[in-house]
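Following: one structure in structure tokens, then a few remarks.
This is the structure we're talking about:
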């Protein structure tokens, strides 16, 4: 009997098999965003919405979508070694933690003030985002990314510097507006340098 693990079983490749797990995780995380926004609408009479929090949640979701789009060239590596597969899960774990930080459990809450919630959790949110960007820089070399990797990593490094600054000055409202404006611009610029 052959002890070598097959690359394909009845037309279903190992890459496809592993990608299904990634897809499920992305779906679960996206569902957390939709659930969070849905809860905000359902409980709108009992909550105080805060615009910066809403924009942060949209920015984080758009970054998740960009991540999903951007991993396409990387999937060919995930069956080379289990470490490639696990490394690919790290950003997803961070995105899930971001949803936990962004959206409190409102099921039993009498009233939720999202401004208070946001500023109580902003430091953790900034740190998670900085870690995410650090992992993406490492990933650009682990997976030998296509396109202008240098420019992508310049944008990511700028994001790390902003996020760490945000973690230090998380109590300053105007910094949050500045951060989100730059990060949305950076995300747009990053999308432009992703190979088509």
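In my numbering, the protein residues as written are 64 to 259.
Backbone N, C-alpha and C fix where the C-beta goes; we use that ideal spot for every residue, glycine too.
{"Asked": "Touching by the beta-carbon criterion (3+ pairs, under 8 Å), the segment 209-227 and the segment 150-161", "Found": "no"}
{"Asked": "Backbone secondary structure at residue 128 - three-state DSSP", "Found": "helix"}
{"Asked": "As assigned by DSSP and simplified to three states, the class of residue 75", "Found": "strand"}
{"Asked": "Short CB-CB distance (under 8 Å) between residue 121 and chain D", "Found": "No chain D appears in this structure, which consists of one protein chain only."}
{"Asked": "Limits of the unbroken alpha helix (DSSP H) element including residue 183", "Found": "177-205"}
{"Asked": "Within the segment 95-175, ranges of the alpha helix (DSSP H) (whole runs, at least 4 residues)", "Found": "114-133 and 145-165"}
{"Asked": "Integer Cβ distance of residue 141 from residue 188, believed to fall under 8 Å", "Found": "Not really, about 28 Å apart at Cβ, beyond 8 Å."}
{"Asked": "Spatial neighbours of residue 253 in its chain, beta-carbon cut-off 6 Å, leaving aside the 5 residues before and after", "Found": "218"}
{"Asked": "Alpha carbon of residue 177 to alpha carbon of residue 85, nearest angstrom", "Found": "31 Å"}
{"Asked": "Buried versus exposed call for residue 104 [16 or more other C-beta atoms within 10 Å across all chains shown]", "Found": "exposed"}
{"Asked": "Neighbourhood of residue 193 by C-beta, 6 Å cutoff - its chain only, sequence neighbours within 5 removed", "Found": "223, 226 and 227"}
{"Asked": "Inter-residue Cα distance where the pair is residue 102 and residue 91", "Found": "16 Å"}
{"Asked": "Distance, residue 200 Cα to residue 64 Cα", "Found": "Residue placement at residue 64 is poorly supported in this model, since its pLDDT is 44, which falls under 50; the coordinates are not used for a value here."}
{"Asked": "Contacts around residue 169, its chain only, beta-carbon distance under 6 Å, and the 5 residues preceding and following it disregarded", "Found": "102, 106 and 175"}
{"Asked": "Of the listed residues 117, 123, 240 and 211, nearest to residue 250 (C-alpha basis)", "Found": "123"}
{"Asked": "Selection from 119, 161 and 229 that minimises the alpha carbon distance to residue 247", "Found": "119"}
{"Asked": "Simplified DSSP state of residue 64, which is helix, strand or coil", "Found": "Bear in mind that the predicted position of residue 64 carries a pLDDT of just 44, short of 50, making it too unreliable to give a figure here."}
{"Asked": "Spatial neighbours of residue 164 in its chain, beta-carbon cut-off 8 Å, leaving aside the 5 residues before and after", "Found": "184, 187, 188 and 191"}
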